[in-house]
Amino acid sequence: METSGVGGLNFQAPGAFWWMLPLGGLIVVLYLLRMRRKQFEVPATFLWPERVDEVRANSLFQRLRFNWLMVLQLLALLLLVFGLARFQWKQTGLLGKATVIVLDSSASMGATDVEPSRFAAAVDQIEKLIGSSGANDQIALVEAGTVPRVVFSLTTDPAVMRDGLKSVRQSDTPSNMSEALQLANALVGESESARILLVSDGCFDAVDDFSQDKAELVFQPIGESEKNFAVQALGVKETADGKFVYVGVKNYGLDTAKTGVTLSGDGQTFWTKTVEIGGGKTWGQTIEFKGDAKLLTCELQNDDKLTADNVAYASGDPAGAINALLVSKGNLFIENVLTLDPRIVLDRAASLPATEKASNSEPSKYDLIIFDDVAAEAVKSPAVLTLGIPGPGVPVSDKGWGARGVYQNAVNHPLMSAVDFSTVYIEKQRLVQPTGGGKVLARTDKGPLVIASEGAQKHVFLGFSVMDSDFPLTIGFPIFMANTMDFLAPASTTGPLIVRSGQTVAFPAVEDKSLRLDRPEGDWMPVPARQGRYSVRGMDRVGQYKLSGMEQPRNIFAQLRDERESNIRPQDAVQISGKAIASERKSNRYGDLWRPMLLLALLVLAGEWWLFARKS
Numbered sequence: 127m128e129t130s131g132v133g134g135l136n137f138q139a140p141g142a143f144w145w146m147l148p149l150g151g152l153i154v155v156l157y158l159l160r161m162r163r164k165q166f167e168v169p170a171t172f173l174w175p176e177r178v179d180e181v182r183a184n185s186l187f188q189r190l191r192f193n194w195l196m197v198l199q200l201l202a203l204l205l206l207v208f209g210l211a212r213f214q215w216k217q218t219g220l221l222g223k224a225t226v227i228v229l230d231s232s233a234s235m236g237a238t239d240v241e242p243s244r245f246a247a248a249v250d251q252i253e254k255l256i257g258s259s260g261a262n263d264q265i266a267l268v269e270a271g272t273v274p275r276v277v278f279s280l281t282t283d284p285a286v287m288r289d290g291l292k293s294v295r296q297s298d299t300p301s302n303m304s305e306a307l308q309l310a311n312a313l314v315g316e317s318e319s320a321r322i323l324l325v326s327d328g329c330f331d332a333v334d335d336f337s338q339d340k341a342e343l344v345f346q347p348i349g350e351s352e353k354n355f356a357v358q359a360l361g362v363k364e365t366a367d368g369k370f371v372y373v374g375v376k377n378y379g380l381d382t383a384k385t386g387v388t389l390s391g392d393g394q395t396f397w398t399k400t401v402e403i404g405g406g407k408t409w410g411q412t413i414e415f416k417g418d419a420k421l422l423t424c425e426l427q428n429d430d431k432l433t434a435d436n437v438a439y440a441s442g443d444p445a446g447a448i449n450a451l452l453v454s455k456g457n458l459f460i461e462n463v464l465t466l467d468p469r470i471v472l473d474r475a476a477s478l479p480a481t482e483k484a485s486n487s488e489p490s491k492y493d494l495i496i497f498d499d500v501a502a503e504a505v506k507s508p509a510v511l512t513l514g515i516p517g518p519g520v521p522v523s524d525k526g527w528g529a530r531g532v533y534q535n536a537v538n539h540p541l542m543s544a545v546d547f548s549t550v551y552i553e554k555q556r557l558v559q560p561t562g563g564g565k566v567l568a569r570t571d572k573g574p575l576v577i578a579s580e581g582a583q584k585h586v587f588l589g590f591s592v593m594d595s596d597f598p599l600t601i602g603f604p605i606f607m608a609n610t611m612d613f614l615a616p617a618s619t620t621g622p623l624i625v626r627s628g629q630t631v632a633f634p635a636v637e638d639k640s641l642r643l644d645r646p647e648g649d650w651m652p653v654p655a656r657q658g659r660y661s662v663r664g665m666d667r668v669g670q671y672k673l674s675g676m677e678q679p680r681n682i683f684a685q686l687r688d689e690r691e692s693n694i695r696p697q698d699a700v701q702i703s704g705k706a707i708a709s710e711r712k713s714n715r716y717g718d719l720w721r722p723m724l725l726l727a728l729l730v731l732a733g734e735w736w737l738f739a740r741k742s
């Protein structure tokens, strides 16, 4: 479409101005034409008033005289041409006739570098955009949290928009920006003039799987400062010399700064220190711990801009929780099973971090490392689960992949309780034999299928990739994973439960009754029993939750453990589907003025008719 503009003005169809020349010229020519008159003799000229205006022309030509009718007709023509040229005025507001606003509600949006917070400033900005929208502008809102939701679909009703905006809330969790953008894209469909307006600080991972249609994506940034500290690690290790607490704190700011670090057990402070950490650096220390507290808490005292990651929790009993690392290219089946296990605090990585390799002298952060379809490496953690591809440290000798085998038998072992491989389809099997005390728990005619070993470091090896089988689709898969957790890293079932904020945990339901979850904000929510278990959701704020209604109530402590959310440095661009979407500090639009132009033209023509009638 042809466009032209200058300053705050814009014309969508500037070619319409060419109509001004012939039509305006025609009007002027009509006033140059001379009337052909017949002469009559009259007794006196004072009986007829003098008339100098030419209302009918049928002869060429006369001198052009000033005439209000001509001026009004040219003005009406000019207004009509402006309307045809789609005259527009630049104004602050939404981009597009159909606009979906994606509001980031993740933990980093709780930063207070913008008063009162990034999230509150974003909500206020959206409210102003709604106020500046046109009567026919359609707007929708998507809240981008852990589970994105459509707050309201495309509507032109400002009351619906403002009511929906009141329902949004910021959480201490990461955002699922990919799913949020897909929702927004589905709302606008194939509309030519649609916009997706992303209001965010840009503190999320690059989105690679967003398939953009015709809607234009606009990024509007929020935030000013990167100043932030975060508790990066907290845990307890029991050694021959006693029990020790390890703590790590990172400064995500650019400048060296100080922070207080306080450790407490069951609410009683036992260690405190003020430390100075360089910009982008991590400080860590191991402290002897002689108490028998069930819950350890680390709190930071500073003036940083994000408070959600200034506190971390850990079980005082080394067996109280399972800190696990999943090394995988991506496996939702395994991730879902592990995140639903209330004992597990799960981290994910595409490759093994250098700090966890056996060659590193520092103690491991994890009780369990899981290699999923990734070649296993020698690690320091006390337990290892290898799914598919063995490597150094795994107690098997490997001869590579073999053909599909025929199931033979399994031994009586806690790992194999209620697990039946006889009905599982396995595309290919790893050809291995146990070494170093490994015990075969299940086998096919091609060789061992499950191998376990105990000792200073426990191992479980599964001789196939779960993605090359239908094992994840069977009831035996979550049972096998739970049995493996019990074998490799048994955890306490009575102490406090530490989870990530936003994590869903599950408990078995022995009765068909609801539980009560008390939240840190002072409110509570029911937890109904479904299909024999309780799925506890809604723990999206950092702090203490209490789950009551069971035989033994559980205290659940939610913490923010996400480096991407703690790194609150505002981004000038975000990576969406391999493209950098640059930020726009102001969201501008051109408002159409052709309707007012048409109305003015009609008013001018009405005035011209009144003047003509009055003179006639």
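Its first residue numbered 127, the sequence shown is counted upward by one per residue in the numbering used here.
Beta carbons: idealized from backbone N, C-alpha and C, even for Gly.
Computed from a predicted model, the values in this text were never measured in an experiment.
Asked                                                                                                                      : Found
Nearest-angstrom Cβ-Cβ length linking N449 and K491, presumed shorter than 8 Å                                             : 6 Å
Buried versus exposed call for Y551 [16 or more other C-beta atoms within 10 Å across all chains shown]                    : exposed
Per-residue burial, K455 [other beta carbons within 10 Å of its own, 16 or more giving buried]                             : exposed
D239 to E350 span [Cα, whole Å]                                                                                            : 6 Å
Those runs of the beta strand (DSSP E) which lie wholly inside the stretch 353-384 and span at least 3 residues            : 355-365 and 368-377
Touch test, the stretch 531-542 against the stretch 499-507, Cβ-Cβ under 8 Å, three pairs minimum                          : no
Identified DSSP bridge partners for R626                                                                                   : Q685
Unbroken beta strand (DSSP E) run spanning Y533, endpoints                                                                 : Y533 to A536
Close beta carbons around Y157, own chain, < 7 Å, minus the five adjacent residues each side                               : E180, L190, N193 and M196
Beta-carbon contacts of M607 that lie in its chain and below 6 Å, excluding the five residues immediately before and after : V463
Spatial distance of D688 from A246 (CA atoms)                                                                              : 22 Å
Bridge-paired residues (DSSP) for N752                                                                                     : No information on residue 752 is available, as it lies outside the stretch 127 to 742 that the chain covers here.
Proximal residues to G379 (C-beta, below 7 Å), its chain only, five neighbours per side dropped                            : E352, K353, N354 and G405
Cα-Cα separation between V375 and W409, rounded to whole angstroms                                                         : 5 Å
Test item: CB-CB of G628 and S319 under 8 Å                                                                                : no
Buried versus exposed, by CB contacts within 10 Å (16 or more), K741                                                       : exposed
Residue range of the beta strand (DSSP E) that includes D698                                                               : Careful: D698 lies outside any beta strand (DSSP E) and carries neither H nor E.
Short Cβ contact (8 Å threshold) for L147 with A727                                                                        : no
Length of the line joining the Cα atoms of Y439 and E425                                                                   : 9 Å
CB-CB length for L210 against G150, believed under 8 Å                                                                     : In fact, because the Cβ distance is near 14 Å, the residues do not count as touching under 8 Å.
Length of the line joining the Cα atoms of Y533 and A615                                                                   : 28 Å
Span of the beta strand (DSSP E), counted from its first residue to its last, around G751                                  : Absent from the structure is residue 751, since the part of the chain shown begins at 127 and ends at 742.
According to DSSP, residues forming a beta bridge with Q559                                                                : S523
Helix, strand or coil at A806 according to DSSP, with G and I counted as helix                                             : The structure shown does not extend to residue 806, since the chain is modelled only from 127 through 742, so no value can be given for it.
Coil, strand or helix - E350 by DSSP                                                                                       : coil
Backbone CA spacing between A183 and F738 [nearest angstrom]                                                               : Here the model assigns A183 a pLDDT of 48, short of 50, so the residue's position is not dependable, and the following value carries that caveat. Cα to Cα, the separation comes out at about 16 Å.
Assigned secondary structure, E414 (DSSP; H/G/I helix, E/B strand, else coil)                                              : strand
Opening and closing residue of the alpha helix (DSSP H) in which V197 lies                                                 : W194 to L210
Close-in-space but distant-in-sequence residues of the same chain around N457 (CB under 8 Å, 5 per side omitted)           : D498, D499, V592 and M593
Outcome for A509 when other beta-carbon atoms lying within 10 angstroms are tallied against a minimum of 16                : buried
Exposed unless 16 or more other CB atoms sit within 10 angstroms - verdict on F166                                         : exposed
DSSP three-state assignment for E402, whether helix, strand or coil                                                        : strand
Reference S231, options R556, L267 and A475, closest by Cα                                                                 : L267
Inter-residue CB distance, L575 and L541 (contact presumed, cutoff 8 Å)                                                    : L575 to L541, Cβ: 12 Å. No contact.
DSSP three-state assignment for A183, whether helix, strand or coil                                                        : The predicted position of A183 is uncertain, since its pLDDT is 48 and thus under 50; a value taken from the coordinates is nonetheless stated next. Of the three classes helix, strand and coil, the one that applies to A183 here is coil, per DSSP.
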